[in-house]
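**Q** Below: one structure in structure tokens.
2 protein chains.
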Amino acid sequence: MTETAPRPTLEAVAARAGVSRATASRVVNGGDGVRRPLAERVLQAVEELGYVPNQAARSLVTKRHDAVAVVIAEPETRVFADPFFGLQLRGISKELTAHDTQLVLLLTEGRDDHARVGRYLAGGHVDGALVFSLHLDDPLPGLIQRAGVPTVFGGRPGWSDGTHGIAYVDSDNRGGAREAVRHLAGLGRTRIGHITGALDQTSAADRLDGYRDVVGDADPRLIAESDFTPAGGERAMRELLENRPGLDAVFAANDLTASGALRVLRERGLRVPEDVAVVGFDDMLPVAEQTDPPLTTVRQNIEEMGRLMARLLLRGLDRDDPEEGADDTPRSIVLPTTLVRRASA
Amino acid sequence: MTETAPRPTLEAVAARAGVSRATASRVVNGGDGVRRPLAERVLQAVEELGYVPNQAARSLVTKRHDAVAVVIAEPETRVFADPFFGLQLRGISKELTAHDTQLVLLLTEGRDDHARVGRYLAGGHVDGALVFSLHLDDPLPGLIQRAGVPTVFGGRPGWSDGTHGIAYVDSDNRGGAREAVRHLAGLGRTRIGHITGALDQTSAADRLDGYRDVVGDADPRLIAESDFTPAGGERAMRELLENRPGLDAVFAANDLTASGALRVLRERGLRVPEDVAVVGFDDMLPVAEQTDPPLTTVRQNIEEMGRLMARLLLRGLDRDDPEEGADDTPRSIVLPTTLVRRASA
DNA sequence: GTGAAAGCGCTAACAA
DNA sequence: TTGTTAGCGCTTTCAC
Numbered sequence: 001m002t003e004t005a006p007r008p009t010l011e012a013v014a015a016r017a018g019v020s021r022a023t024a025s026r027v028v029n030g031g032d033g034v035r036r037p038l039a040e041r042v043l044q045a046v047e048e049l050g051y052v053p054n055q056a057a058r059s060l061v062t063k064r065h066d067a068v069a070v071v072i073a074e075p076e077t078r079v080f081a082d083p084f085f086g087l088q089l090r091g092i093s094k095e096l097t098a099h100d101t102q103l104v105l106l107l108t109e110g111r112d113d114h115a116r117v118g119r120y121l122a123g124g125h126v127d128g129a130l131v132f133s134l135h136l137d138d139p140l141p142g143l144i145q146r147a148g149v150p151t152v153f154g155g156r157p158g159w160s161d162g163t164h165g166i167a168y169v170d171s172d173n174r175g176g177a178r179e180a181v182r183h184l185a186g187l188g189r190t191r192i193g194h195i196t197g198a199l200d201q202t203s204a205a206d207r208l209d210g211y212r213d214v215v216g217d218a219d220p221r222l223i224a225e226s227d228f229t230p231a232g233g234e235r236a237m238r239e240l241l242e243n244r245p246g247l248d249a250v251f252a253a254n255d256l257t258a259s260g261a262l263r264v265l266r267e268r269g270l271r272v273p274e275d276v277a278v279v280g281f282d283d284m285l286p287v288a289e290q291t292d293p294p295l296t297t298v299r300q301n302i303e304e305m306g307r308l309m310a311r312l313l314l315r316g317l318d319r320d321d322p323e324e325g326a327d328d329t330p331r332s333i334v335l336p337t338t339l340v341r342r343a344s345a
Numbered sequence: 346m347t348e349t350a351p352r353p354t355l356e357a358v359a360a361r362a363g364v365s366r367a368t369a370s371r372v373v374n375g376g377d378g379v380r381r382p383l384a385e386r387v388l389q390a391v392e393e394l395g396y397v398p399n400q401a402a403r404s405l406v407t408k409r410h411d412a413v414a415v416v417i418a419e420p421e422t423r424v425f426a427d428p429f430f431g432l433q434l435r436g437i438s439k440e441l442t443a444h445d446t447q448l449v450l451l452l453t454e455g456r457d458d459h460a461r462v463g464r465y466l467a468g469g470h471v472d473g474a475l476v477f478s479l480h481l482d483d484p485l486p487g488l489i490q491r492a493g494v495p496t497v498f499g500g501r502p503g504w505s506d507g508t509h510g511i512a513y514v515d516s517d518n519r520g521g522a523r524e525a526v527r528h529l530a531g532l533g534r535t536r537i538g539h540i541t542g543a544l545d546q547t548s549a550a551d552r553l554d555g556y557r558d559v560v561g562d563a564d565p566r567l568i569a570e571s572d573f574t575p576a577g578g579e580r581a582m583r584e585l586l587e588n589r590p591g592l593d594a595v596f597a598a599n600d601l602t603a604s605g606a607l608r609v610l611r612e613r614g615l616r617v618p619e620d621v622a623v624v625g626f627d628d629m630l631p632v633a634e635q636t637d638p639p640l641t642t643v644r645q646n647i648e649e650m651g652r653l654m655a656r657l658l659l660r661g662l663d664r665d666d667p668e669e670g671a672d673d674t675p676r677s678i679v680l681p682t683t684l685v686r687r688a689s690a
């Protein structure tokens, strides 16, 4: 833990290059309108001195921070138990890096933390925010709106006043669910159950809707509410088996849930897919490929979602003069899903 | 994406409270030596105006950023496939939050990124760095050292010149491995194999050492080199079974590897633990509890490791006058592990 | 095309 | 205890 050596300033670079600070600044920031020889001398001085701009000083005048916040508002347990967030982070990180923008990670642990996040966002420390995993009753969107920070949401936000003007990136959860259930139906299955995700999240609600789109007015006993976890999947599967012993297929709201369901099925001596076919959602590789049997599932390109969230945000940030009305940037993006066939259905 | 409204400055707060900017500043920063009534007026003005300090301006003069970089230098695939990093991030985030410090996440994708990270760290944008997942030949430590940023490593760094003066937090990998192997021996197993992790990481090397500590001069055919992944675990298990069909126990370098090994064992019709007992490492809940049979494993407190890394770093940062020599803060911490018995051994 | 100078919002001497 | 003042390092008019 050595003390940082005093770093060279732009002043030093200018002196060394024999130019004014203003010129040095111009070169460092792209060098428009500076004649070649001068520019080169500055660049060389930068090189020799190992000059790196002081971001604080720069922000102070530009009011830009070249940093965006990533807010993950998920109760302790689920975050990262599931590789989901990690993959999104990857995608986000790649895109931000390509635009020389830093990623400030804000993890929240509960209600108290919301205020902290709100304060931080309102504090104008970042140029924008990427927000994940909102639940229906989440106070965060309100705080963020009040903070007035440009924001892109991960997953369609679910509050009642609709999604007008809100930017988000999501997978086509409903369409993917339809495809999954149609696939099961195409296999000749007629009593197809559904294990839902946490229904206070739109992804779960949309998948349920997709299921209903295909099966029509489903027997309510064919639907078991769950929470996206393996343990929840086990519980739901038992419930389904109890209420509707004859079922011959299950569409689970995600792969983790499906893995729990598979375990229960095996424990009960039911063969997959012969007795009960199972389809998951996500195509979370470490899960879907490792289950026994490997899981047929609906793939969503999670990393791409992250990348697009970042891109959408940065694009909005770039329009330095965001004239009301003259706004033709798409506010939201819904990505297609694809069915990946493995052995479970 | 609304434009941020102009934010109130300290000047505005001071004016409203009828004091000087200096006094307002004092109050905002803890309020030492400001008389009650004045302080209260300032606080009220802050409240009314919704004032939040401009961090850029503050950093410019204090040279502190109240931000720490977390560098995860892991090839795309493994990060977050494994909940490991997520858990550490949690721990880190909690500790940093408690100290009003922001977490800047730096994910690297390959060699080129190292330079970027080096530049960022050298750029003096953060007060310190928390660095993970170094491999033996990693250029990052060098870059970081040159950047002169206070750093704490996650996991014992492995470069040749020893760990003198380097701060790190690690689990007692060697001791944990010993305990695992002793447990197997205590079960009466005599032909205990080991599936290693990626041996260019000290955690893997240390676990192998621990294994050797107990079995003595092991038959080399009892050791299969692997890489911490489930697929690697499968490969290694097959290799072990081929080279040493009579083995009756396996200690795998982590739970993911163990899960791969279990799959191969099942596929070969070998019963666990009757024919072959298996012990993992990590106690990664979503993995260890979900395998069939559930995994006996060595638990390390990953979140706590993260928390301690952050604490170590912040403590070093707090010593505003880091006198050489007069340094009694512990440089590194090695956390104990505990054996968790489940059904696999 | 280039330089001089003002000033972003804040903290920290120093004076009062 | 409080206020005055200088200046952190940079970008950006505005003259030249």
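So the sequence lines, in the order shown, correspond to chains A and B.
Read in order, the letters of the first sequence are residues 1 to 345 in the numbering used here.
Read in order, the letters of the second sequence are residues 346 to 690 in the numbering used here.
We put the beta carbon where it would ideally sit given N, CA and C, even for glycine.
Determine the burial state of B/D445: buried for a count of at least 16 other Cβ atoms within 10 Å of its Cβ, exposed for fewer.
**A** When all chains shown are included, B/D445 counts as exposed.
**Q** Does the beta carbon of B/Y556 sit closer than 9 Å to a beta carbon anywhere in chain A?
**A** Answer no: the Cβ-Cβ gap between B/Y556 and chain A never drops below 9 Å.
**Q** I believe A/A56 touches B/A401 by the beta-carbon criterion, under 8 Å. Please report the beta-carbon distance rounded to the nearest angstrom.
**A** So it is a contact: roughly 5 Å between Cβ atoms.
**Q** Counting only beta-carbon separations shorter than 9 Å, does B/R366 have a partner in chain A?
**A** No, B/R366 does not count as interfacial toward chain A.
**Q** Name the two residues that bound the continuous beta strand (DSSP E) containing B/Y513.
**A** From DSSP, the beta strand (DSSP E) with B/Y513 extends over 512 to 516.
**Q** For B/E524, count neighbouring Cβ atoms within 10 angstroms of its own Cβ and tell me buried if that reaches 16, exposed if not.
**A** Burial call: buried.
**Q** Taking Cβ-Cβ distances below 8 Å as the criterion, which residues of the stretch 289 to 305 of chain A are in contact with chain B?
**A** Hits within the stretch, in order: Q290, D292.
**Q** Quick one: what's got a C-beta closer than 7 Å to A/A147's C-beta in the same chain, skipping five residues either side?
**A** Excluding positions up to five away in sequence, the list reads G118, L121, A122.
**Q** For a contact defined as C-beta to C-beta under 9 Å, what are the partners of B/E454 on chain A?
**A** Residues of chain A passing the Cβ test: R90, S93, K94, T97.
**Q** In whole angstroms, what is the alpha-carbon distance linking A/H183 and B/S677?
**A** Cα to Cα, the separation comes out at about 55 Å.
**Q** Are A/M309 and A/V169 close, meaning C-beta to C-beta below 9 Å?
**A** A contact, by the Cβ cut-off of 9 Å.
**Q** For a quick check, are the C-beta atoms of A/A252 and A/F281 less than 9 Å apart?
**A** Taking 9 Å as the Cβ cut-off, A/A252 and A/F281 qualify as a contacting pair.
**Q** Between which two residues does the beta strand (DSSP E) harbouring A/H194 extend?
**A** Per DSSP, A/H194 belongs to the beta strand (DSSP E) from 192 to 195.
**Q** Can the beta-carbon of A/P293 be found less than 9 Å from the beta-carbon of B/L601?
**A** No, Cβ-Cβ distance for A/P293 and B/L601 is not below 9 Å.
**Q** Among all the DSSP beta bridges, which residues are the ones paired with B/V416?
**A** In DSSP, B/V416 forms a bridge with B/L451, B/V476.
**Q** Kindly indicate which three-state DSSP category B/L615 falls into: helix, strand or coil?
**A** Looking at B/L615 - three-state DSSP - the assignment turns out to be coil, as it is neither helix nor strand.
**Q** Note down, in chain order, each residue of its chain lying with its Cβ closer than 6 Å to the Cβ of B/A522, except the 5 sequence neighbours on either side.
**A** The residues are R552, G555, Y556.
**Q** Check the DSSP bridge columns for B/R644 and list the partner residues they point to.
**A** Partner(s): B/D627, B/T683.
**Q** Using alpha carbons as the reference points, say which of B/G503, B/G531, B/R536 lies closest to B/A549.
**A** Checked all of B/G503, B/G531, B/R536; the closest Cα to B/A549 is B/G503.
**Q** Run through DSSP, which three-state label would A/F228 get?
**A** Three-state result, A/F228: coil.
**Q** DSSP puts A/F153 in a beta bridge; with which residues?
**A** Partner(s): A/V131, A/Y168.
**Q** Skipping 5 residues on each side, what residues in its chain have a beta carbon closer than 7 Å to that of A/A129?
**A** The residues are V68, A69, V71, L121, I144, V149, T151.
**Q** Measure the alpha-carbon distance for A/V131 versus A/G154 and round it to whole angstroms.
**A** Cα to Cα, A/V131 sits roughly 6 Å from A/G154.
**Q** Does any residue of chain B have a CB that is nearer than 9 Å to the CB of A/Q44?
**A** Chain B, which has no Cβ nearer than 9 Å to the Cβ of A/Q44, makes this no.
**Q** Please classify A/R35: is it buried, with 16 or more other beta-carbons within 10 angstroms of its beta-carbon, or exposed?
**A** So A/R35 counts as exposed.
**Q** If we define contact as Cβ-Cβ less than 9 Å, is A/G124 a contact residue for chain B?
**A** So yes, A/G124 belongs to the interface.
**Q** Assuming contact is defined by CB atoms lying nearer than 9 Å, are A/S344 and A/V272 in contact in what I supplied?
**A** Closer than 9 Å, so yes.
**Q** Along chain B, which residues have their Cβ under 8 Å away from the Cβ of A/V104?
**A** Ordered by position in chain B, the residues that pass the 8 Å Cβ test against A/V104 are A412, Q447, L448, V449, L450.
**Q** Tell me which residues of the stretch 28 to 57 of chain A have at least one Cβ-Cβ distance to chain B shorter than 8 Å, keeping chain order.
**A** So the close ones are G50, V52, P53, N54, Q55, A56, A57.
**Q** Using only alpha-carbon positions, find the residue among B/A581, B/L615, B/Q546, B/S516 that is nearest to B/T682.
**A** Nearest C-alpha to B/T682: B/S516.
**Q** How many Å lie between B/L481 and B/D545 at the Cα?
**A** Rounded to whole angstroms, B/L481 to B/D545 spans 5 Å at the Cα level.
**Q** Compare the Cα-Cα distances from A/L262 to each of A/A231, A/N243, A/E74 and report the closest residue.
**A** Comparing Cα-Cα distances from A/L262 to each of A/A231, A/N243, A/E74, the minimum goes to A/A231.
**Q** Tell me where the beta strand (DSSP E) around B/V595 begins and ends.
**A** From DSSP, the beta strand (DSSP E) with B/V595 extends over 594 to 597.
**Q** If you draw a straight line from the C-alpha of B/V406 to the C-alpha of B/T642, how long is it?
**A** Near 51 Å, if we compare the C-alpha coordinates of B/T642 and B/V406.
**Q** CA-CA distance, B/P428 and A/P83?
**A** Roughly 7 Å separates the two Cα atoms.
**Q** Where does B/A401 fall in DSSP's three states?
**A** In the structure shown, B/A401 sits in a helix (DSSP, three-state: H, G or I).
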